[in-house]
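Peer 1: Take the sequence shown: its letter number 113 is residue 95 in the working numbering, and every next letter is one higher. We put the beta carbon where it would ideally sit given N, CA and C, even for glycine. Keep in mind the model is a prediction, meaning the values are calculated, not measured. Quick one: the structure is below, questions incoming.
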Amino acid sequence: PMPALEALDVRLTYPNGVRALDGTTLKIAHGEFVAIIGPNGSGKSSLLRAFAGLQRVNAGTVRLEGDPVDALSAVARARRVALVPQTLEVLPGYTVQDFVLMGRYAHLAGWRLYSKHDYEVAREYLRRVDAAEFVERGMNEMSGGEQQRVLVARALAQESQTILLDEPTSALDLHHQLAIYRLIFEMHKSGGKTVVVVTHDLNLASQFSDRLVLMMGGKVVAEG
Ligand code: ADP
Ligand code: MG
-17 PMPALEALDV
-7 RLTYPNGVRA
3 LDGTTLKIAH
13 GEFVAIIGPN
23 GSGKSSLLRA
33 FAGLQRVNAG
43 TVRLEGDPVD
53 ALSAVARARR
63 VALVPQTLEV
73 LPGYTVQDFV
83 LMGRYAHLAG
93 WRLYSKHDYE
103 VAREYLRRVD
113 AAEFVERGMN
123 EMSGGEQQRV
133 LVARALAQES
143 QTILLDEPTS
153 ALDLHHQLAI
163 YRLIFEMHKS
173 GGKTVVVVTH
183 DLNLASQFSD
193 RLVLMMGGKV
203 VAEG
């Protein structure tokens, strides 16, 4: 069967000369829950951005459900894959609601207006990450952990087949860490979502994932 995500011998060197991906090969099956671990600077975030089509690579192939990620339009890509980024460049003036609605972009019809359903979906995922109370707040008027939960809500509101999460609970208290992992696990288990999570928490990684992948020096060096 066709993998959900496929990176074949991918190489990426940033303009500053840093070689972030140095022959990365990784296949992730449809419906799999994979945790990626590895030291700082090993290329984990670069790989997730490449899978999401947000970072072009210099060589090798990145495929989403069989299609080269570069060949897909932004909307087609957003229907297949959502990314919870490791860091957020805060957009001043955005409310939480408007920010989460951006996740609905891939589902807009021709007129580009959000429907009642889009608002309901945004509210529902805010509720599920325990952030419903912030709906009217500005994105820059929340703690790091609160923002992180809103980032997860935005990605889930995208309702893509695959969800990539880059250290999604690094700023969360223990209660919310576990709640977010349970939510993602539930969407994987019942909703059949493909999940890739980068984390430094080996306990959570091994508790919830089907497979652990270790990256070092821009390569996958171990799996199991
Ligand atoms: P990880 O997520 O595993 O910590 P990253 O993929 O963020 O690793 O980074 C891999 C390497 O690329 C690091 O050495 C980092 O300093 C460098 N790097 C990351 N992003 C950029 C960027 N936008 N421009 C230049 N270098 C970068
Ligand atoms: Mg990173």
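According to DSSP, isoleucine 18 sits in a beta bridge with which residue or residues?
Peer 2: According to DSSP, which records beta bridges pairwise, isoleucine 18 is partnered with Val180, Val195.
Peer 1: Mapping DSSP to helix, strand and coil, what is valine 57?
Peer 2: Of the three classes helix, strand and coil, the one that applies to valine 57 here is helix, per DSSP.
Peer 1: Anything with a beta carbon under 5 angstroms from a heavy atom of ligand 1 counts; list them all in chain order.
Peer 2: My final list is Tyr(-4), Asn(-2), Val0, Ala2, Asn22, Gly23, Ser24, Gly25, Lys26, Ser27, Ser28.
Peer 1: My guess is that arginine 86 and tyrosine 96 are in contact by the Cβ rule of under 8 angstroms, so how many angstroms apart are they, rounded?
Peer 2: Contact flag correct, Cβ pair sits at about 6 angstroms.
Peer 1: Does the beta-carbon of glutamate 102 have 16 or more other beta-carbons within 10 angstroms, so that it is buried, or is it exposed?
Peer 2: Exposed, because fewer than 16 other Cβ atoms sit within 10 Å of the Cβ of glutamate 102.
Peer 1: Does the separation of the CB atoms of valine 134 and valine 66 fall below 8 angstroms?
Peer 2: Result yes, Cβ atoms of valine 134 and valine 66 sit closer than 8 angstroms.
Peer 1: Out of Ala34, Val(-8), Asp183, Pro(-17), which one is the CA nearest neighbour of alanine 153?
Peer 2: That would be Asp183, whose Cα lies nearest to the Cα of alanine 153.
Peer 1: Can you check DSSP and say which residues form a bridge with glutamate 123?
Peer 2: Bridge partners of glutamate 123: none, in fact.
Peer 1: Please tell me whether, using a cut-off of 7 angstroms, the distance from the CB of valine 177 to the nearest non-hydrogen atom of ligand 2 is below it.
Peer 2: The answer is no for valine 177.
Peer 1: For a quick check, are the C-beta atoms of glycine 35 and arginine 1 less than 8 angstroms apart?
Peer 2: Their beta carbons are not under 8 angstroms apart, which means glycine 35 does not touch arginine 1 by this criterion.
Peer 1: With a cut-off of 8 angstroms, do at least 3 Cβ pairs link the region 166 to 174 to the region 113 to 127?
Peer 2: With a cut-off of 8 angstroms, the region 113 to 127 and the region 166 to 174 do not count as touching, because too few Cβ pairs lie within range.
Peer 1: Take glycine 5 and list the residues in its own chain whose beta-carbon comes closer than 8 angstroms to its own, dropping the five residues that flank it on each side.
Peer 2: Around glycine 5: Asp(-9), Val(-8), Arg(-7), Gly42, Gly200, Lys201.
Peer 1: Return helix, strand or coil for alanine 135, following the three-state DSSP convention.
Peer 2: If DSSP states are grouped into helix, strand and coil, alanine 135 belongs with the helices.
Peer 1: Given this structure, state the Cα-to-Cα distance separating alanine 204 from alanine 64, to the nearest angstrom.
Peer 2: In a straight line, the C-alpha of alanine 204 is about 25 angstroms away from that of alanine 64.
Peer 1: Return the first residue and the last residue of the alpha helix (DSSP H) that aspartate 100 is part of.
Peer 2: Run containing aspartate 100: 98 to 110, per the alpha helix (DSSP H) assignment.
Peer 1: Check each candidate in Leu29, Pro50, Pro(-3), Gly25 and name the one with the smallest Cα separation from methionine -16.
Peer 2: Selected option, being the one with the closest Cα: Pro50.
Peer 1: Less than 8 angstroms between the beta carbons of glutamate 149 and glutamine 37, yes or no?
Peer 2: No, the pair does not count as a contact, with Cβ atoms beyond the cut-off.
Peer 1: What did DSSP end up calling valine 82 once you bin it into helix, strand or coil?
Peer 2: DSSP places valine 82 in helix when its eight states are reduced to three.
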